[in-house]
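A short worksheet on the structure shown next.
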Amino acid sequence: MDIFNAIIQVLDSTIRLSVPLLLACLAGLYSERAGIFDIGLEGKMLVGAFAGAAAASVFHSAFIGLGMAILISVAFAMVHGFASITHRGNQIVSGVAINFVAAGSTIILGQAWFQQGGRTPALQPGERFEAIIWPGADAARQVPIIGPIYAELISGHSILVYFAFAMVPFTWWVLYRTRFGLRLRAVGENPAAVDTAGISVAWLRYRALMCTGILTGVAGAYLSMVQNGGFVKDMTAGKGYIALAALIFAKWKPVNAMFACLLFGFLDAASIRLQGTPLPIVGKVSVQFMQALPYILTVILLAGFIGKAIPPRAGGVPYVKER
Amino acid sequence: MAQATIEPAAIELIGINKSFGAVRANRDINLEIARGTIHGIVGENGAGKSTLMSILYGFYQADSGEIRVGGKPASIKTPNDAIALGIGMVHQHFMLVDNFTVLENIILGAESDALLKRSIAKARSELDRLEREYGLEVEPDAIIEELPVGLQQRVEILKALYRGAEILILDEPTGVLTPAEADHLFRILRQLKDQGKTVVLITHKLREIMAITDTVSVMRQGTMVATRETAKTTVEELAELMVGRRVLLRVEKGEAEAGGVKLAVKNLTVRDSRGVTMVDDISFDIRAGEIVGIAGVAGNGQSELLEAISGIRHAVSGSVMLDGKPIDLTGKADPGELRDRGLAHVPEDRHHVGLVLAFEENENSILGYHDDPRYLKGPFLNVDAIMADARDKIEKYDIRPGNPRLKTANFSGGNQQKIVLAREIEQDPGVLIVGQPTRGVDVGAIEFIHKRLIAMRDQGKAVLVVSVELDEIRSLSDRILVMFAGRIVGERGPEATEGELGLLMAGVEQEAAA
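First to last, the sequence lines map onto chains A and B. Sequential numbering from 4 applies to the first sequence in this note's numbering. Sequential numbering from 1389 applies to the second sequence in this note's numbering.
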């Protein structure tokens, strides 16, 4: 039963670790499907994390924190839109700039407001999103196999975890079953077709970026208000980039994105679990190697195992009416 | 003046002006198009036809002037306004989302409901009605990029009709179509006219104007120079109005004095990337001092044949001898080596293969010959020599605008083609292979290009011309080979009639013989 418990634990932390990736990945999906490359997912998550933790701590409310995280993250997304949609700037440069501004401003403001070396104060109960225990979870724990799965994997997560996974079918539905989704996909493939059909390309892309901002805001809030009890500088630690990799790996499709993020989350979870544990054949593996493993696998997977990933055709290209 | 009994014109443009920076694209344009007619607008590239129609479709705003639709003054600020007024447009480059289905493309922007299911269900029945009414059959669930160009265009027409278009503008609709597809399009347009729709056809192909329109307007350098009833004008008159001088539509040429074999193609077989045999056991010779034309409907293996001969596509079997020595057919031939051996190639697709559009004109005019010592100073490019060379070619080939520092993308199609031709011809090759020499090229430039090719022949060069324009093949060639389904199905002299070649191109004779 020991191995079974170990597996359950690894899977449980897989879910926890996948959530910020999944939210960021879906966020990127909205903008990239609309033809806006967004390398600034990382930065938007970071400002979301900071704004969420700071507001939650000041106003003593997790939900105010979440709202602030979304608000600030959407504001940053609009800056990206203003640069790359309205002014047709380079989307990569704009995204990188957002990452730098986010990294710097969160530390400066954090230090100025809270004087804790860029951290926000540790969040108290009520300022964080607590785990939701499903009915009968404790009782079910005794049931073999199904019990631990229900109690550990399904029950006992914060509301943001359920939100993240609910966003997968929701995003799929929006993309493939609604008028907004049809137009969003169209504007990422051929904005001229959208323009001649009498739809505003700019407004459509701004709306896509709002979706992106909302999701990166939630992802940031999850980092600072669920996974951690407060904001720590650079706490996104490259998750925005991993989410972009997952997005390519998923070929810009929502359900694929979930599996890609779960895979990356699993690699992360496994590397934590296996640290210092002797493995059959290879023996004890160094901590550094285990920590690097998800990234090494990312490179290998992206290089060879996903086949041809065709990005949205108008991706990265500012729309200019032809003369 | 206008009485109530007279039906108002479908479209009336009064004093339209439009400038882009210093360029006056439209100057004081007046135009009246009657309801239920097919009206042609001809003019060379850059004459302002597309700009005028884009103003009508709300894509651009006129600087001044008035638009009346159905007799009422109309303010058209966006394509939405135009659509609401019953104006539909089929653009030269289709405004379709390639990986969407036909239905998705048709409803895009005109969805009846926030949820797709209901919009699509409604569109499906509406599409069914339109298809039956106008004979525009398309599979509603087909993916656009899997459809042939002719059907994609049909989707564009259906898109406009679905939005309730009463006035349909088609911008260069036949540029991408095969002759058969173009004929089919014309049948559709006549049907639309019979149903009371007004059709505006923008083109630079005069034959089409004569074949289909009721009235025709000619534009030149941003002005409207004349409007005629089609029945009362001639191709010659329209060509002269377009260019502003007399144009020879069929270039005069003397008898060919064919010499020795320059290029010998023997039992050549080529497959495409999917493994389909595109060129099937083809053999022919080209002699010095003759032009051999290959006619055929697009997609019958001509492109693959050209690519194999010019060493950029792998051939499965067979041989190609240039001056008695074989060409490497493994697809790994060094194109530079073939150039050194005197084989010049003007590719079919000048945008993707023939030119780097983002380069300046002078750079493109030496591309491929850039390591020739003439253009080098030690390891560096000799900019002075290159510029002098480019200016020389600009003058000789009348490339406009005559600025070698201008980005190639900013030249018109005809001038881009002249850049490629100048580059290849001026290297004085023994064999010149030309794919679609005048695709998308103006009447005036066509005459020039044809004269150049005939001059090459008269200098004793061997010239191979592949074209889907039957007129061009008949006008240029000393011998005509007809390709159908990867084979040469017949050889004719230049006196062959259009009907005779047309039958060969359709594979009719072959089937009768089989």
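Yeah, the Cβ is synthetic: ideal placement off N, Cα and C, and Gly gets one too. Because the structure is a prediction, the values reported are computed rather than measured.
Within 9 Å (strictly less), CB to CB, does residue i reach chain B?
i, result
"A:R326", "Here A:R326 scores only 47 on pLDDT, less than 50, and its place in the model is too uncertain to base an answer on."
"A:Y209", "no"
"A:I202", "yes"
"A:L329", "With chain A running from 4 to 326 in the structure shown, residue 329 of chain A is simply not present."
"A:N93", "no"
Could you check where the beta strand (DSSP E) with residue i kicks off and where it finishes?
i, result
"A:I167", "The sequence as given places Ala at residue 167 of chain A; Ile does not occur at that position. Per DSSP, A:A167 belongs to no beta strand (DSSP E); it is in the alpha helix (DSSP H), 162-180."
"B:L1651", "1649-1659"
"B:P1461", "1460-1462"
"A:F7", "Where A:F7 is concerned, there is no enclosing beta strand (DSSP E), although the alpha helix (DSSP H) it sits in stretches over 5-36."
"B:G1878", "1875-1880"
"B:I1672", "The sequence given here has Phe at residue 1672 of chain B, not Ile. 1665-1675 is the extent of the beta strand (DSSP E) around B:F1672."
"B:A1833", "Note, B:A1833: premise wrong, no beta strand (DSSP E); alpha helix (DSSP H) at 1831-1846."
"B:L1852", "1850-1854"
"A:V82", "A:V82 -> not in any beta strand (DSSP E); alpha helix (DSSP H) instead, spanning 65-84."
"B:I1455", "1452-1457"
"A:A100", "Looking at the DSSP string, A:A100 is not in any beta strand (DSSP E); the run it does join, the alpha helix (DSSP H), is 94-117."
Using the C-alpha atoms, what's the distance from residue j back to residue i?
i, j, result
"B:A1413", "B:G1801", "17 Å"
"A:A253", "A:T301", "12 Å"
"B:H1733", "B:G1699", "10 Å"
"A:G98", "A:A167", "23 Å"
"B:P1461", "B:E1454", "7 Å"
"A:L156", "A:Q118", "38 Å"
"B:A1703", "B:A1696", "6 Å"
"B:L1496", "B:L1504", "10 Å"
"B:Y1973", "B:P1723", "In the structure displayed, chain B extends from 1389 to 1902; residue 1973 of chain B sits before or after that span and is not available."
"B:M1612", "B:V1631", "13 Å"
"A:T174", "A:A260", "11 Å"
"B:Y1445", "A:L226", "50 Å"
"A:M81", "A:W116", "25 Å"
"B:S1687", "B:A1470", "According to the sequence as given, residue 1687 of chain B is Gly; it is not Ser. Their backbone Cα atoms lie some 37 Å apart in a straight line."
"B:G1434", "B:G1610", "8 Å"
If I follow the unbroken alpha helix (DSSP H) through residue i, where does it start and stop?
i, result
"B:E1812", "1801-1813"
"A:S274", "257-277"
"B:I1697", "1690-1697"
"A:A222", "204-225"
"A:D141", "140-143"
"B:M1630", "1623-1631"
"B:E1544", "1537-1550"
"A:I42", "No alpha helix (DSSP H) holds A:I42; DSSP gives it neither H nor E."
Among the candidates the options, whose CA atom is the shortest distance from the CA of residue i?
i, options, result
"A:G268", "A:S16, A:T174, A:F7", "A:S16"
"B:V1649", "B:G1848, B:G1403, B:G1431, B:L1891", "B:G1848"
"B:A1472", "B:L1743, B:G1552, B:I1495", "B:G1552"
"A:K232", "A:R131, A:I101, A:N102", "Checking the sequence shown, residue 232 of chain A turns out to be Gly, not Lys. Considering only alpha carbons, the answer is A:R131."
"A:F183", "A:W206, A:A317, A:I303", "A:W206"
With 9 Å set as the bound, which would you pick, yes or no: does the beta-carbon of residue i sit closer than that to a beta-carbon of chain A?
i, result
"B:V1526", "no"
"B:K1505", "yes"
"B:T1466", "yes"
"B:F1447", "yes"
"B:I1531", "no"
"B:E1554", "no"
"B:F1488", "yes"
"B:I1821", "no"
"B:A1390", "Unreliable placement is indicated for B:A1390, whose pLDDT of 44 sits below 50; the coordinate value is still reported in the next sentence. For B:A1390, the answer is no, since every Cβ of chain A falls outside 9 Å of its Cβ."
"B:G1497", "yes"
"B:D1451", "no"
How would you call residue i, buried or exposed, if buried means at least 16 neighbouring beta carbons within 10 angstroms?
i, result
"B:G1790", "exposed"
"A:L282", "exposed"
"B:S1507", "buried"
"B:K1465", "exposed"
"A:G311", "The displayed chain sequence assigns Lys, not Gly, to residue 311 of chain A. Flag for A:K311 reads exposed."
"B:N1803", "buried"
"A:R122", "buried"
"B:N1493", "buried"
"B:D1830", "buried"
"A:H90", "exposed"
"A:P297", "buried"
"A:K287", "exposed"
"B:E1617", "exposed"
So with CB distances below 9 Å, who are the chain D contacts of residue i?
i, result
"B:A1703", "Absent from the structure: chain D. Protein chains present are A and B."
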